[in-house]
């Protein structure tokens, strides 16, 4: 095992795959000469050259479409959005082309393309730069959506995403790029898409959380353990396809569930998971499923308000005590 920052793990995945397959290239704003806005692609221009690490104008709709065309013609692009907030400019390419052309062509075209970059809130960036988008993209059939919480998952899942023949949206977080963690250095390390991780086994309540919210859940779990409770924490890692089998097995064991999700609450990831739990495991529930989301407003700028807006460990802890009738 090697200890890497999240950005280093993402870079390692891209480098290993680009060394393996010359049809893979990286494209986006500042990924080349500047080494990436968050230094994720540092050194890749020197190693692979300007034909495979390509700077683009500030034109998300254009370079997303260029990548889709390249994928249709046999290449395997990695498209970096400086933030998923900017992907809104490319929504037509993502939703009407990347997600649908393979289906509409009867499978004549494969779409081996990865769109990746930081997603969600990152402090005082205000409403247009602080939105969590995985719930929106997860509603679109034809797109796979991955949202990672640690460096090891970043490397293993990104390598799998690059090898996938369908379009994969890979959600990171700029506030976690400096996070260090152990990463497998096994040759050809792959984590299968669509398999959740049981991060902490327990028997009293199931807490489900991904990306930054995973760390909120783990902090709440520590607070519960100090009071003698035994929570189970599950990181779905892949939002679509979603590993409901692992989630349902946990809920059937603990009989209680809290979902922590940075999405705004209406039609959120938490909404979908909560619905599927009540449909498939209603008879096992000893309390209603609760969710801890971002507040139902655009993200604020002020420090105290953005902290209030985000899902918190304290709110998660209180929700867990509520479903366990410990209040």
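Residue numbers (the numbering used here): 1315 to 1641. Beta carbons are placed, not taken as given, at the ideal position from N, Cα and C, and that holds for glycine. Small disclaimer: the values here were computed from a predicted structure and weren't measured.
Query                                                                                             : Result
Closest Cα partner of residue 1457 within the set 1504, 1586, 1552 and 1446                       : 1552
Contact belief for residue 1574 with residue 1527 at Cβ below 8 Å, rounded distance in angstroms  : 4 Å
Nearest residue (CA-CA) to residue 1503, options 1543, 1596, 1475 and 1623                        : 1475
Spatial distance of residue 1558 from residue 1361 (CA atoms)                                     : 41 Å
Residue 1537 versus residue 1453 - alpha carbon distance                                          : 34 Å
Three-state secondary structure assigned by DSSP to residue 1475                                  : helix
Best match in 1342, 1508 and 1506 for proximity to residue 1359 [C-alpha to C-alpha]              : 1342
Which listed residue (1542, 1510 and 1565) has its alpha carbon closest to that of residue 1599   : 1565
Local conformation of residue 1469 per DSSP, three classes                                        : helix
Buried versus exposed, by CB contacts within 10 Å (16 or more), residue 1473                      : buried
Extent of the continuous beta strand (DSSP E) run through residue 1461                            : 1458-1461
The region 1502-1516 / the region 1415-1432 touching (three or more Cβ pairs under 8 Å)           : no
Alpha carbon of residue 1534 to alpha carbon of residue 1523, nearest angstrom                    : 11 Å
The alpha helix (DSSP H) enclosing residue 1613, as first and last residue numbers                : From DSSP, residue 1613 is part of no alpha helix (DSSP H); its letter is neither H nor E.
Residue of 1550, 1330, 1355 and 1374 minimising C-alpha distance to residue 1583                  : 1550
Per DSSP, the bridge partner or partners of residue 1552                                          : 1460
Local conformation of residue 1321 per DSSP, three classes                                        : helix
Closer than 8 Å to chain B by CB, residue 1549                                                    : Looking at the structure shown, chain B is missing, and only one protein chain is on hand.
Simplified DSSP assignment, three categories, for residue 1493                                    : coil
Nearest candidate by alpha-carbon position, reference residue 1519, set 1492, 1490, 1621 and 1562 : 1562
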